[in-house]
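Student: Following this message is one structure expressed as structure tokens.
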Amino acid sequence: MKLISPNELNDLINSSEEIAVIDVREEGEFGKEHILLCANISLSQLEIKLPVTVPRKTSQIVICDGNNELSSRAFDVITSYDYTNVSVLKGGVKAWESAGFEVFSGINVPSKAFGEFVEHTYKTPSISAKELKDMMDNKQDLIVLDSRPMDEYRVMNIPTGIDMPGAELVYRIEDAPITKNTTVVVNCAGRTRSIIGAQSLINAGVDNKVVALRNGTMGWHLAGYKLEHGLDRTVSEVTEEGHKIALARANSAAEKFGVKFINSETLDRWRNQQGERTLAILDVRTKEEFERAHIADSRHAPGGQLVQATDAYVATQNARVVLVDDRLVRALMTATWLVQLDWCEVYVLESGLECQAIHTGHQTNPCFGLQMQNITTVSPKEAYELQSKGALLIDVSRSLTYREKHAKGSAFAIRAGLKDDLSRFSKKRQIIFISDNENLAALAALDFAGTEIGVAVVEGGTSAWEKDGLPLEAGMTNVISQPIDVYLRAYDREDPQEIEAAMNEYLEWELGLVSQIAQPGGVSFREYPIQSDS
């Protein structure tokens with residue numbers, strides 16, 4: 011097993027070489043302290059996420075964890091799938107910190123730090139929750155645009171807010187119910203997507219006054235105002251005139267930041283070079299558009315979320331990333347931010363979907379290690395019957411998913427530590443795995459192949475269990491593994507006082523990122539000499 015020192019790793023991170031730094035701890039542990047420019051792919055999820063986010067087998071990969079307890083296991087897993095350039099950070103994150111490099115808490119921190127840099131550098135205008143409430147009470151001409159995905163918007167939103175996820179803002183605003191005098195207020199749950207969304211509109215030269223809602227729905231809640239829940243307000247389809255205006259604005263923004271274009275011939279050439287350079291073809295449109303038609307080897311990565319969580323979509327730094335949008339606007343605007351973020355080389359496919367092999371429907375991602383012929387599957391009803399006879403039903407879904415809803419009597423567990431966690435159970439007790447992710451359940455079952463324990467997987471997972479009308483329950487009712495798989499956001503907590511304390515803590519943390527990234531082990535972002543056109 012090849013070891014690498016913290017100083018050597020720092021040099022690699024700051025070079026122009028492709029590198030994937032992967033922290034293999036569970037998200038809850040990763041979120042406490044980690045290297046800034048790395049991706050979190052837990053040992054439990056390696057076979058699922060590695061082929062998607064680090065597809066090139068010759069990629070330079072550096073594995074780390076807290077203190078190397080998991081890294082050797084991860085090294086064995088990764089190299090078993092023929093990755094040939096894999097190292098382990100000697101001493102883990104503790105050694106990194108001891109060498110004088112900064113460690114960071116939170117998740118998707120590079121993107122969040124970048125958002126704070128943007129506000130600090132370009133003086134993105136913002137208003138407080140009270141200022142917005144006063145404007146509403148005074149019937150001022152304004153519109154609230156929520157830059158989060160619809161699933162987040164449905165949980166809670168600012169009253170009157172319309173869902174318009176980040177990359178959609180410039181594309182759709184011309185068809186929103188506004189006049190030239192309307193003040194546009196962009197919000198998210200906290201800060202980053204509000205800032206990026208508002209600055210996107212400003213960079214694109216939208217004529218209206220544009221402001222970010224300072225601290226988003228958290229700030230609104232902390233100010234004592236009520237949120238709305240369960241809604242799905244959106245803007246109708248984009249008109250041809252709206253698209254024409256949006257495209258002109260996006261091209262103007264793209265020119266400011268030096269966005270590069272490629273054609274289909276170049277993309278085909280790059281496909282043939284994937285043994286030497288990592289290539290990610292990312293479709294930044296809506297899920298509905300992607301499923302109607304997409305380039306066969308592309309992945310869905312909504313533009314706003316790609317900027318918000320770049321490390322989750324592309325773990326290899328300095329990889330080639332090609333953005334796809336048949337209407338171009340969203341690809342252009344997303345590219346303006348990825349150019350500045352500088353995690354990867356970014357290009358826009360100028361021909362959209364033309365001259366490409368096209369698929370429809372859901373994407374199916376590759377997964378390592380699934381030898382389905384070695385896995386016994388049972389129907390939900392068979393699993394229910396076996397459970398009544400003493401079989402142990404184990405749910406390896408995310409703990410938040412388990413908390414919300416799970417098969418009655420099932421026990422929550424985390425795959426990576428399950429063998430140790432199961433030591434208090436009789437080894438002769440049959441185990442049946444269930445999950446909202448069938449691949450994860452199958453991999454957990456394969457971990458026990460060759461042991462004396464009889465294992466099976468529930469075919470169709472939790473959704474099939476529910477569809478068959480079998481009993482469900484909520485809460486952390488039966489826990490085998492400590493739920494360290496999730497780094498809890500403020501809204502993930504259940505106690506109202508804990509929620510508000512976590513909100514204040516999060517907002518304070520995010521505001522401190524600009525100074526923190528200036529330390530050794532941080533990152534510097536390029537400042538562009540842009541002028542607001544609004």
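Counting the sequence shown from 1 gives a position; the numbering used here is that position plus 10.
Heads up, the beta-carbon is just placed ideally off N, CA and C, and yes, glycines get one too.
Does the beta carbon of L410 come closer than 8 Å to any beta carbon on chain C?
Tutor: The structure shown has no chain C; it contains just one protein chain.
Student: Are there three or more Cβ pairs, one per stretch, closer than 8 Å when the region 438-457 is compared with the region 478-490?
Tutor: Contact between the region 438-457 and the region 478-490 is absent, because fewer than three Cβ pairs lie under 8 Å.
Student: Tell me, please, whether the region 165-184 touches the region 244-260 by the rule of three or more beta-carbon pairs shorter than 8 Å.
Tutor: Counting Cβ pairs under 8 Å, three or more are found: they touch.
Student: Can you tell me which residues form a DSSP beta bridge with V465?
Tutor: Paired residue(s): I441.
Student: Quick check: what's the CA-CA separation for K149 versus I205?
Tutor: Roughly 24 Å separates the two Cα atoms.
Student: What three-state label does DSSP hand D161 in the structure shown?
Tutor: Here D161 sits in helix by DSSP.
Student: By Cβ distance, which residues of its chain are closer than 7 Å to C377, with the 5 residues on each side in sequence left out?
Tutor: The answer, listed in chain order, is E57, I58, P61, N449.
Student: Mind reading off the beta-carbon distance from R158 to A109? Whole number of angstroms is fine, and I expect it under 8 Å.
Tutor: Not quite, the Cβ-Cβ distance comes to about 37 Å (not below 8 Å), so this is no contact.
Student: Which of the three DSSP states is assigned to Y91 in this structure?
Tutor: Looking at Y91 - three-state DSSP - the assignment turns out to be coil, as it is neither helix nor strand.
Student: So, helix, strand or coil for D217, using DSSP?
Tutor: Three-state DSSP puts D217 in coil, outside helix and strand.
Student: How about the region 120-130 and the region 349-366: do they share at least three Cβ pairs that are nearer than 8 Å?
Tutor: Counting Cβ pairs under 8 Å, three or more are found: they touch.
Student: Count the CB pairs spanning the region 320-335 and the region 17-29 that are closer than 8 Å, and state whether there are at least three.
Tutor: They touch, by the three-pair rule.
Student: Could you tell me the alpha carbon to alpha carbon distance between G268 and Q209, rounded to whole angstroms?
Tutor: Between G268 and Q209, the C-alpha separation is close to 17 Å.
Student: Check this for me: beta carbons of T193 and V221, under 8 Å apart or not?
Tutor: Yes, they are a contact pair.
Student: Could you check whether the Cβ of L403 sits closer than 7 Å to any heavy atom belonging to the ligand MG?
Tutor: What this structure holds is no ligand at all, so the ligand MG is not there to describe.
Student: Mind checking which residues open and close the beta strand (DSSP E) that includes I153?
Tutor: Element bounds for I153: 152-156.
Student: Sort out for me which residues DSSP pairs K270 with in a bridge.
Tutor: Answer is Y357, bridged to K270.
Student: Under the assumption that T309 contacts Q373 (Cβ atoms under 8 Å), give the Cβ distance between them as a whole number of angstroms.
Tutor: Rather than Thr, the amino acid found at residue 309 in this sequence is Arg. Sure, about 6 Å apart at Cβ, within 8 Å.
Student: Report buried or exposed for S82, applying the criterion of at least 16 other Cβ atoms within 10 angstroms of its Cβ.
Tutor: It counts as exposed.
Student: Report yes if the C-beta distance between L53 and V72 is below 8 Å; otherwise report no.
Tutor: It is not a contact, given that the beta carbons lie outside the stated cut-off.
Student: So the candidates are V128, A319, R259, M343; which of them puts its Cα closest to the Cα of P539?
Tutor: Comparing Cα-Cα distances from P539 to each of V128, A319, R259, M343, the minimum goes to V128.
Student: Return helix, strand or coil for A367, following the three-state DSSP convention.
Tutor: A367: coil per DSSP, three-state reduction.
Student: How would you call G460, buried or exposed, if buried means at least 16 neighbouring beta carbons within 10 angstroms?
Tutor: Result: exposed.
Student: Decide if R281 is buried, meaning its Cβ has at least 16 other Cβ atoms within 10 Å, or exposed.
Tutor: Exposed, by the Cβ-count rule.
Student: Where DSSP assigns a beta bridge to Q327, which residues make up the other side?
Tutor: The partner list for Q327 (beta bridge, DSSP) reads I29.
Student: To the nearest angstrom, how far is it from the Cα of I424 to the Cα of D495?
Tutor: Cα to Cα, the separation comes out at about 7 Å.
Student: Excluding sequence positions up to five away, which residues of its chain have a Cβ less than 6 Å from the Cβ of H416?
Tutor: Hits under 6 Å: D405.
Student: Inspect the beta-carbon positions of V334 and A345 and report whether they are closer than 8 Å.
Tutor: No, Cβ-Cβ distance for V334 and A345 is not below 8 Å.
Student: Mind checking who V332 pairs with in its DSSP beta bridge?
Tutor: Its beta-bridge partners are I291, Y357.
Student: When DSSP builds the beta bridges, which residues end up paired with F114?
Tutor: Beta-bridge pairing links F114 to H44.
Student: Can you say whether Y91 is buried or exposed, counting buried as having 16 or more other CB atoms within 10 angstroms of its CB?
Tutor: That one is exposed.
Student: In the DSSP assignment, what are the bridge partners of T63?
Tutor: None, per the DSSP bridge assignment.
Student: Around the C-beta of S175, are 16 or more other C-beta atoms found within 10 angstroms, so that it is buried, or is it exposed?
Tutor: Here residue 175 is Pro; the residue named in the question, Ser, does not match the sequence. Its Cβ being crowded by 16 or more others within 10 Å, P175 is buried.
Student: Measuring alpha carbon to alpha carbon, tell me which residue in N261, S420, L403, D430 is nearest A466.
Tutor: For the residues N261, S420, L403, D430, the minimum Cα distance to A466 belongs to L403.
Student: With DSSP as the reference, label V196 as helix, strand or coil.
Tutor: Strand, per DSSP.
Student: Below 8 Å on the Cβ atoms is my guess for K438 versus E462; work out the distance and round it to an integer in Å.
Tutor: Going by Cβ atoms, the distance from K438 to E462 rounds to 7 Å, so yes, they are a contact pair.
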